[in-house]
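First up is the structure itself, then whatever we jot down about it.
There are 2 protein chains.
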Amino acid sequence: MEEKLVKEIPPKSENLSQWYLEVIRRAELADYAPMKGMMVIRPAGYAIWENIQRLLDKRFKETGHVNAYFPLFIPESFLKKEAEHVEGFAPEVAWVTKGGSEELQEPLAVRPTSEAIICAMYSRWVRSWRDLPILINQWANVVRWEKVTRPFLRTTEFLWQEGHTVHATFEDAQEEVLRILNIYREFIENELAIKVYAGRKSEREKFAGALYTYTVEALMPDGKALQAGTSHNLGQNFSRAFEIRFEDRDQKLKYAWQTSWGVSTRLIGATVMVHGDDDGLVLPPKVAPHQVVVVPIYKAKDKERVLSFGEKLHGELKDKFRVVYDSREEYTPGWKFAEWELRGVPLRIEVGPRDIEKNQVVFVRRDTREKFSVPVQELTPRADEVLERIQRELFKRSEAFTLENTREARNYQELKEIIEEKRGFVVAPWCGREECELKVKEENKATIRLIPPEGENAEGKKCIVCGGPAKHIVYFARSY
Amino acid sequence: MEEKLVKEIPPKSENLSQWYLEVIRRAELADYAPMKGMMVIRPAGYAIWENIQRLLDKRFKETGHVNAYFPLFIPESFLKKEAEHVEGFAPEVAWVTKGGSEELQEPLAVRPTSEAIICAMYSRWVRSWRDLPILINQWANVVRWEKVTRPFLRTTEFLWQEGHTVHATFEDAQEEVLRILNIYREFIENELAIKVYAGRKSEREKFAGALYTYTVEALMPDGKALQAGTSHNLGQNFSRAFEIRFEDRDQKLKYAWQTSWGVSTRLIGATVMVHGDDDGLVLPPKVAPHQVVVVPIYKAKDKERVLSFGEKLHGELKDKFRVVYDSREEYTPGWKFAEWELRGVPLRIEVGPRDIEKNQVVFVRRDTREKFSVPVQELTPRADEVLERIQRELFKRSEAFTLENTREARNYQELKEIIEEKRGFVVAPWCGREECELKVKEENKATIRLIPPEGENAEGKKCIVCGGPAKHIVYFARSY
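Chains as they are written, first to last, in the working numbering: chain S, 27 to 506; chain E, 27 to 506.
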């Protein structure tokens, strides 16, 4: 029992990294597996993932996508077909070399991402313009042999969705890439209540094998950026490598245009970090496994009365919300409060004998600790309203923090100072040369996180590093 | 286009095996991957799996289960902890021996099933009787290095759910095992419309590491049985191997009791085989990706009128059903009929100019080809009723076929003859000795598929093989 108590969580503001690990362990979101860099997603963590899946999958289907499932293993020769792709991923591939008792003639990569196997199938399925677009997504596990790992944020195996689409033209592919980027942004802001910036990656930071990579980037409380999702325009790189060609309306044989895009269980880590506090998780109502907990409070003589009243409330609430009724007798109300706070349930409803007499209940918000009475007849609409408000205010806080920590730098010295002293995003013009990008990285440990749409053109500005003519206005930051 | 035509599917009754492969390929349920024994589940197949997942997951959650996710890789030493378990699975394990550029000190098994890694975690999580029961399920991919494969029925990688539960007593574990067995039976019969027998496996046929294995067995059209799901009472075999102990209410430290249970994408294969016909798939409405297809039929002059009428029907139906409106102009109605029949859509609704005048539509059942007019104002309730009837009648047919092909044998000669000439299930008493079980297998290629609850006791009967006192009345059959 003591293991579950909140007391020993280090303050979030003092040591974010330690706080994060402790909260994840104590709230039972995940546990370390006995193999290097691997984790177990426990029920409390997986339930968040199920909500993420449900809410994202709905958006994918509404925009015409369907799900499929491709093999876990990719022959080495397939991975090698797209040169940049294999160069980018080979160092972090886990290899299967033995099946049963037989040594395999060709090693099989455990997929680090599925372009290579999916493109091999698409080259069979695509024949005519009538077959296009192909709009397929898959929910799957992938493996990347990482050196430094951290639960949810970077693990050897993780769960994700990866969309892989095929189009007749560059424009169709580009439209898809931006449609998905916008779904990611809207989903993360509205469901996870996390403010993100959306934009394009620099050449250096793009996906191995892509023409352009687009990204959504969130700001963590320690001022470091977190890449929350990416959407790639693959151009014709893979269609040329895998011979994905179609006969167009003009009867000419053409290479197809492709995209791929994904978000992962990393989003759970971002949600924990952005919203949590010193008492544990604070979960946005839209993805919280439990949105409401009802806790009965009573002395022996009132027991029956309070328990059956609580039961009634639970019965009413459960049609509309994900609600848990904590009527366990082996724990005190105070212990329950601490446990459900640790687990981040957005709304606690307390009910005791005096509340019954007044025909009311007590609401306690997890995020603000605000406490107020609500007449029983208004139970459902008020709970609905409070949950909506929590969701909205969590986003507002994230947005305010992100905007406060997005600063323009007028010169390189200022960039250095902001990164060193305040962190956050630094907005500045850049000439587009890798040399300047690398200098910022080496001297400040900060990379270009994105080029926002409004920063694509920087006419008349000067690069913050070399003073030469700027091509883009970009966001620099340290990152996870 | 010709590739999609139905013509060349061999008749189901002539060559079930060939028919099965062709239907799966043409209806685009799956395709072969370019690696031995691996398949791609295409959108039309994966949509069936999504329905299976949704309907089963609901049943698991209603009975108190939660989902989690455990690692894909299992260190060799963990797999070896339970002796029978490793003996059963080692021959079919795929081994990861290299991560990035480093050779691993200990090979990692790609999970063939997850008892070994899950039990390692449970040994950390279980401390007290208060922690029990643990009722966890996971939806995951698993890999078994199979020699002979067939899409959905036996593939190197497949998708499944695996439940792993921990209990304080044998009785609790046994109750769970039978609860799940009953969920499987009820789910397969009511949602997949396939009759199954439920019962216990013989010692020889049980899961590697289990105390008892329970199974649901379905009969395929060629008279061979198919194991459709299993539920294992693991006893204390794994808790002793992995040290899963808890302090009970009496303050004594005890080894826990465990279960595990699973069904897989194999269920898709069973559904295809049981219900399909010479024109392709016949899908039970409850799991069909599309339950209804609306096909407009018109000549040029009626085009606008018919298309907008069809649109209206589609709009009404889509609130209640999974419906597709096939208004493609590049295909004829006849071609569309054949395609949607191939794909197994249970109900086709045709609408032409004369139907509009009479304010009616034409319903065509996929299973019986029955064709009849329905007034537009009764559209939704009649569609609902027809789909319900199709679902019910598909099950009735499967049930009738299974019962007709379940025969009692009075002596060994009769058993031989039935298996050879008619196949199906042969019901007969058995002494319980492996010797007799093996004789039937070697001489007839038939195994004991199950011991039904009513066959546990066979007092007074004689073993059909040796004539000795019978212990059980069992079901023999050839199988997939």
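Even for Gly, the Cβ is constructed at its ideal location relative to N, Cα and C.
Tell me, please, whether the CB atom of residue i is closer than 8 Å to any CB atom in chain E?
| i | result |
| --- | --- |
| residue 265 of chain S | no |
| residue 362 of chain S | no |
| residue 108 of chain S | no |
| residue 281 of chain S | no |
| residue 135 of chain S | no |
| residue 470 of chain S | no |
| residue 156 of chain S | yes |
| residue 76 of chain S | yes |
| residue 102 of chain S | no |
| residue 234 of chain S | no |
| residue 146 of chain S | yes |
May I have the straight-line CA-CA distance separating residue i from residue j, to the nearest angstrom?
| i | j | result |
| --- | --- | --- |
| residue 291 of chain S | residue 96 of chain E | 13 Å |
| residue 337 of chain S | residue 351 of chain S | 7 Å |
| residue 473 of chain E | residue 340 of chain S | 51 Å |
| residue 121 of chain E | residue 164 of chain E | 22 Å |
| residue 445 of chain S | residue 294 of chain S | 26 Å |
| residue 197 of chain E | residue 204 of chain E | 11 Å |
| residue 46 of chain E | residue 110 of chain E | 35 Å |
| residue 493 of chain E | residue 232 of chain E | 25 Å |
| residue 245 of chain E | residue 458 of chain E | 24 Å |
| residue 373 of chain S | residue 285 of chain S | 41 Å |
| residue 29 of chain E | residue 52 of chain E | Because residue 29 of chain E carries a pLDDT of 45, less than 50, the predicted location of this residue cannot be relied on, and no value is offered for it. |
| residue 44 of chain S | residue 427 of chain S | 21 Å |
| residue 359 of chain S | residue 484 of chain E | 56 Å |
In this structure, does DSSP put residue i in helix, strand or coil?
| i | result |
| --- | --- |
| residue 210 of chain E | helix |
| residue 387 of chain S | strand |
| residue 306 of chain S | strand |
| residue 123 of chain E | strand |
| residue 191 of chain E | strand |
| residue 502 of chain E | strand |
| residue 243 of chain S | strand |
| residue 165 of chain E | strand |
| residue 254 of chain E | strand |
| residue 138 of chain E | coil |
| residue 372 of chain E | coil |
| residue 519 of chain E | Beyond the ends of chain E as shown, which are 27 and 506, falls residue 519 of chain E; an answer cannot be given. |
| residue 397 of chain S | strand |
| residue 225 of chain E | strand |
| residue 424 of chain E | helix |
Can residue i be considered in contact with the ligand SAM, in the sense that its beta carbon sits closer than 7 Å to one or more heavy atoms?
| i | result |
| --- | --- |
| residue 282 of chain S | Of ligands this structure carries none, so the ligand SAM is not represented either. |
Comparing the C-beta of residue i with each C-beta of chain S, is any distance below 8 Å?
| i | result |
| --- | --- |
| residue 171 of chain E | yes |
| residue 59 of chain E | yes |
| residue 123 of chain E | yes |
| residue 185 of chain E | yes |
| residue 143 of chain E | yes |
| residue 126 of chain E | yes |
| residue 17 of chain E | Nothing can be reported for residue 17 of chain E: it is not among the residues displayed for chain E, which extend from 27 to 506. |
| residue 98 of chain E | yes |
| residue 162 of chain E | yes |
| residue 355 of chain E | no |
| residue 85 of chain E | no |
| residue 159 of chain E | no |
| residue 118 of chain E | yes |
| residue 28 of chain E | Interpretation of residue 28 of chain E is limited by its pLDDT of 41, a score under 50 that renders its predicted location unreliable; the figure taken from the coordinates is listed afterwards. Residue 28 of chain E does not count as touching chain S. |
According to DSSP, which residues form a beta bridge with residue i?
| i | result |
| --- | --- |
| residue 290 of chain S | S/186 |
| residue 261 of chain S | S/284 |
| residue 65 of chain E | E/58 |
| residue 45 of chain S | Its beta-bridge partners do not exist; DSSP assigns none. |
| residue 454 of chain E | E/500 |
| residue 565 of chain E | Since the displayed chain E opens at 27 and closes at 506, residue 565 of chain E lies outside it and no answer follows. |
| residue 99 of chain E | E/136 |
So, does the CB of residue i fall closer than 8 Å to a CB anywhere in chain B?
| i | result |
| --- | --- |
| residue 94 of chain E | The chain labelled as chain B is not found among the protein chains of the depicted structure, namely S and E. |
Across the region 84-96 of chain S and the region 245-256 of chain S, are there enough close Cβ pairs to call them in contact, namely three or more that are closer than 8 Å?
Contact fails between the region 84-96 of chain S and the region 245-256 of chain S, because fewer than three Cβ pairs, one in each stretch, are under 8 Å apart.
For the region 302-321 of chain E against the region 231-244 of chain E, are there 3 or more C-beta pairs whose distance is under 8 Å?
no
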